[in-house]
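Novice: Chains as they are written, first to last, in numbering that gives the first Met the number 0: chain P, 0 to 336; chain G, 0 to 336.
From the three backbone atoms N, C-alpha and C, an ideal C-beta is built for every residue, glycine too.
As the structure is a prediction and not an experimental result, all values here were calculated from the model.
Here it is, the structure in full.
2 protein chains.
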Amino acid sequence: MPNIKEIARKAKVSVATVSRALNDDPKVTEETKQLVLKVATELNYKPNIVARNFAKKTSNIIGLILPDITDEFFSELIKGVDEVTYQHNFFTMVISSHRYLQLENTLSSVLRNGLLGGLILLVPNISATLKNILAQTKIPFVIISGGMSTTNYDVVSVDNYQGAFDLTNYLIKKCGYSKIAHITGPSDNDDAKIRVKAFKDACLENKITVPKNFIVEGDFTRESGLRLGMELMSLKNKPEVIFAANDMMALGCYDAAFKKGLHIPDDIAVAGFDDIFVSQYLNPPLTTVRAQIEDEGKRAAELLIEKIKSKISVNNQPKKIKIATELVIRNSTKIIK
Amino acid sequence: MPNIKEIARKAKVSVATVSRALNDDPKVTEETKQLVLKVATELNYKPNIVARNFAKKTSNIIGLILPDITDEFFSELIKGVDEVTYQHNFFTMVISSHRYLQLENTLSSVLRNGLLGGLILLVPNISATLKNILAQTKIPFVIISGGMSTTNYDVVSVDNYQGAFDLTNYLIKKCGYSKIAHITGPSDNDDAKIRVKAFKDACLENKITVPKNFIVEGDFTRESGLRLGMELMSLKNKPEVIFAANDMMALGCYDAAFKKGLHIPDDIAVAGFDDIFVSQYLNPPLTTVRAQIEDEGKRAAELLIEKIKSKISVNNQPKKIKIATELVIRNSTKIIK
DNA sequence: AGGTGCAATGTAACCGTTTACATTGCAATA
DNA sequence: TATTGCAATGTAAACGGTTACATTGCACCT
């Protein structure tokens, strides 16, 4: 396995010159650069990245920390991240936080062992301990999270507010629904929180009053959608439409409607958020909100690499990137007015 | 950032002793080991993994090379791989081969730059150039691929044969279908090839003759399923059931049936392979074959780590691991006899 | 007591690359 | 011609570990 020493010998120059030539240092003559490159090619030389990272005390590996659960978004996200990192000669390392409690451990060791040149962190919210850990680290990072509230960080997030607002607004203004319920996500999840907020704001703006028992807390699972959907459909004065904070819970509502013998959208309408792959194939197809997840990954990676390359990040205004959403109207809701 | 030199100073021992203590070398006294560990903890020491990998000329990073396309399996696969690697103190690096032509390039540089300690390679088939590259590499690898034909490699694969055979057999023996068609995957895809083989064998064993025009080649996309489904359904003597080589093409057949005004399963039955998430929600739910993809990732990672740790792999008999499949019977097929 | 063997620890080379600093040699200048 | 300055290249230290080899000192043997 050839190294720069060998190239240096063959090209009759010093290792420093070889290193400089290979790194396009302007201080080396075009002539010697060509010579070095020629010899390197002849020897089929490949730089030892570990040695380089070690010497430079940097790394061209970007860590992508994912929550424990498997999610169909992840492969899109990973694809987006990897595409950008690859273009910039970086690598993508996927790290699942295997138990949530271990996230902090995993993180604090991974951040300090020199392996990573940057970090993309996908988290449901930013805990105090997490803040602590992030405060101590020197390597640049970007957070993918619903909450933009996290004022001091660079954050990429789906535009939950716009998406949920548009959908709610559509249900009220275009469809004519006035009895409208919402199944929220977990109360500690930033995405979920913002969707509730947008839902409430849209109702308020349209002068729709929402009874307390029309807003119920789920946990993004299908089971919770089923359970809470049953509850809502069992009310004496039941809603005309249920807006579930994600498609998975909307799916649970389909199950609930089936159990109650209710027809969607005639007896009860349902809408979701995410536009997971299955949604278009449901019977009826689900009205929902779509976000470009692959794009989210790309934007996060671009932002991170920008930070890595220009180390001025520190005192800069933190960047907030929102991934636009798009209303996807299908047949689980209808125009009733 | 503390390093072993600092620990050595504080503990009044040499760096060699520190290194040994941290690596659980039996040659160091329990007493000094405890002392070193105590000091290390006090200093909140984290080993520099890059330096270690560099010194040992090994790496605890496992590369997972994925094809360009986004697939819902990938996140399951990644999860399985990462879970195992994590348990063994390895990391998982995901590398998408961004254009198929670049796979060879990506690979040959990645294999030689010292970054990876092992490789899991997901490929539709093993080309000659790929064989060449793999022949030259020193680092251990495992292939995830449909074809077990690849005799000289360690391979983990879904048991395509058993799955396709069982399904075909079920359609004939249990359901009583005798006019049975098959939409294959791409002819250069090993998984697809084995599924066809199993389909034919099962038909043969049950003395069912399949007309030539009942076996048509798709490319695993929904569009090809639609197109070929239309073709098959337009035949004068059309099949009673279509076995599509994956669920995506089965989905296309649903579209085709809808266009032709045919009812599934009464006018035409459909079966698939993979049991993707959407299949259970189709109308009617799809009869198909399921494989444990996460398990596939785990097995591949386990096998690879075993190879890495015991470097005797070379002259050993190559390991062939098959991931069992399971018949999933739903309502897109029915018993007609 | 002196020698032997071995367990515990220390010393220093080494991994491949980068880079601060030193050196060289040539062109421009007085 | 001697001096200066700078561009090109060279020398060697440094990065943080691991490990071959050297050293130490103690227990055991004769």
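Identify every run of the alpha helix (DSSP H) within the stretch 197-285 of chain P, keeping only runs that are complete inside it and at least 4 residues long; order them along the chain.
Specialist: Runs found: 221-233, 246-259.
Novice: Considering Cα atoms alone, identify which of Ser-18/P, Gly-116/P, Phe-53/P, Ser-126/P is closest to Thr-136/P.
Specialist: Ranking the options by Cα distance to Thr-136/P, first place goes to Gly-116/P.
Novice: Give the straight-line distance between the Cα atoms of Ser-108/G and Leu-114/G, rounded to the nearest whole angstrom.
Specialist: Taking the straight line from one Cα to the other gives about 10 Å.
Novice: For the alpha helix (DSSP H) that contains Phe-90/G, what are its first and last residues?
Specialist: Here Phe-90/G belongs to no alpha helix (DSSP H); instead the beta strand (DSSP E) covers 90-95.
Novice: Here's the rule: buried if 16 or more other CB atoms are within 10 angstroms of the residue's CB, otherwise exposed. What is Ile-125/G?
Specialist: Looking at its Cβ environment, which holds 16 or more other Cβ atoms inside 10 Å, Ile-125/G is buried.
Novice: How should Ala-300/P be labelled, buried or exposed, when 16 other C-beta atoms within 10 angstroms of its C-beta is the threshold for buried?
Specialist: Per the 10 Å Cβ criterion, buried.
Novice: So, is the C-beta of Lys-45/P closer than 7 Å to a C-beta in chain G?
Specialist: Lys-45/P counts as touching chain G.
Novice: Taking only the alpha-carbon atoms, compute the straight-line gap between Gly-62/G and Gln-86/P and give it to the nearest angstrom.
Specialist: If you take the alpha carbons of Gly-62/G and Gln-86/P, they lie about 18 Å apart.
Novice: Mapping the DSSP letters down to three states, classify Lys-308/P as helix, strand or coil.
Specialist: Of the three classes helix, strand and coil, the one that applies to Lys-308/P here is helix, per DSSP.
Novice: Would you mind listing the beta strand (DSSP E) stretches within the stretch 5-69 of chain P that are 3+ residues and don't spill past its ends, in chain order?
Specialist: Whole beta strand (DSSP E) segments, 3+ residues: 60-65.
Novice: Using the beta-carbon count (16 or more within 10 Å), is Asp-266/P buried or exposed?
Specialist: With fewer than 16 other Cβ atoms within 10 Å, it is exposed.
Novice: For a cutoff of 7 Å on Cβ pairs, would you count Lys-78/G as touching chain P?
Specialist: Chain P, which has a Cβ nearer than 7 Å to the Cβ of Lys-78/G, makes this yes.
Novice: Leu-42/G: which of Met-0/G, Ser-95/G, Ser-309/G sits nearest, CA to CA?
Specialist: Selected option, being the one with the closest Cα: Met-0/G.
Novice: In chain order, what residues of the same chain have a beta carbon less than 7 Å from the beta carbon of Ser-312/G, not counting five sequence neighbours either side?
Specialist: Here Ser-312/G scores only 47 on pLDDT, less than 50, and its place in the model should not be relied on; the value that follows carries that caveat. Same-chain partners within the cutoff: Pro-139, Lys-306.
Novice: May I have the straight-line CA-CA distance separating Thr-286/P from Asp-246/P, to the nearest angstrom?
Specialist: Approximately 9 Å between the Cα atoms of the pair.
Novice: Can you pull the chain G neighbours of Phe-140/P, defined as C-beta to C-beta under 8 Å?
Specialist: Chain G residues near Phe-140/P: none, gap ~17 Å exceeds 8 Å.
Novice: Among Ala-20/P, Ala-50/P, Lys-26/P, whose alpha-carbon lies nearest the alpha-carbon of Val-38/P?
Specialist: Val-38/P has its Cα closest to that of Ala-20/P, out of Ala-20/P, Ala-50/P, Lys-26/P.
Novice: Lys-32/P: which of Lys-11/P, Asn-330/P, Glu-82/P, His-262/P sits nearest, CA to CA?
Specialist: Answer by Cα proximity: Lys-11/P.
Novice: Just curious, the alpha helix (DSSP H) that Thr-332/P is in, first and last residue?
Specialist: From DSSP, Thr-332/P is part of no alpha helix (DSSP H); its letter is neither H nor E.
Novice: My output table needs one value for Lys-318/P: the three-state DSSP class, helix, strand or coil.
Specialist: Coil, per DSSP.
Novice: Helix or strand or just coil, what does DSSP make of Gly-145/P?
Specialist: Three-state result, Gly-145/P: coil.
Novice: Could you name the residues that DSSP lists as bridge partners for Glu-325/P?
Specialist: According to DSSP, which records beta bridges pairwise, Glu-325/P is partnered with Arg-289/P.
Novice: For Asn-282/P, does the count of other Cβ atoms within 10 angstroms reach 16, so buried, or fall short, so exposed?
Specialist: The residue in question, Asn-282/P, is exposed, as its Cβ has fewer than 16 Cβ neighbours within 10 Å.
Novice: Using a Cβ cut-off of 8 Å, pull out every chain P residue sitting near Phe-90/G, in sequence order please.
Specialist: Met-92, Ile-94, Leu-114, listed in chain order.
Novice: Is the stretch 43-56 of chain P touching the stretch 268-279 of chain P in the sense that three or more CB pairs, one from each, lie closer than 8 Å?
Specialist: Because the criterion of three Cβ pairs below 8 Å is not met, the stretch 268-279 of chain P and the stretch 43-56 of chain P do not touch.
Novice: For chain P, find out if any of its Cβ atoms is closer than 7 Å to the Cβ of Ser-108/G; answer yes or no.
Specialist: So yes, Ser-108/G belongs to the interface.
Novice: Any contact of the stretch 222-234 of chain P with the stretch 192-203 of chain P, i.e. 3+ C-beta pairs under 8 Å?
Specialist: Contact between the stretch 222-234 of chain P and the stretch 192-203 of chain P is absent, because fewer than three Cβ pairs lie under 8 Å.
Novice: Against chain G, with Cβ distances strictly below 7 Å, would Val-49/P count as a contact?
Specialist: Yes - at least one Cβ of chain G is within 7 Å of the one on Val-49/P.
Novice: Hey, quick one: how far does the alpha helix (DSSP H) through Ile-138/P stretch, first residue to last?
Specialist: Looking at the DSSP string, Ile-138/P is not in any alpha helix (DSSP H), and its letter there is neither H nor E.
Novice: Residues in the same chain with beta-carbon distance under 6 Å from Pro-123/P, minus the five sequence neighbours each way, listed in chain order, please.
Specialist: Cβ within range, chain order: Asn-188.
Novice: Output needed for Ser-186/P: all residues of its chain with C-beta closer than 8 Å, excluding positions within five of it in sequence on either side, in chain order.
Specialist: Closer than 8 Å at Cβ, skipping near neighbours: Lys-192, Glu-216.
Novice: Measuring CB to CB, does Arg-329/G end up less than 7 Å from Pro-284/G?
Specialist: Yes, the Cβ-Cβ distance between Arg-329/G and Pro-284/G is below 7 Å.
Novice: Quick check on Ser-156/P: does DSSP put it in helix, strand or coil?
Specialist: In this structure, Ser-156/P counts as strand in the three-state DSSP scheme.
Novice: Return no unless some Cβ of chain P is closer than 7 Å to the Cβ of Val-277/G.
Specialist: It does; some Cβ of chain P falls within 7 Å.
Novice: What separation, rounded to the nearest whole angstrom, lies between the Cα atoms of Lys-333/G and Cys-174/G?
Specialist: Cα-Cα distance, rounded: 6 Å.
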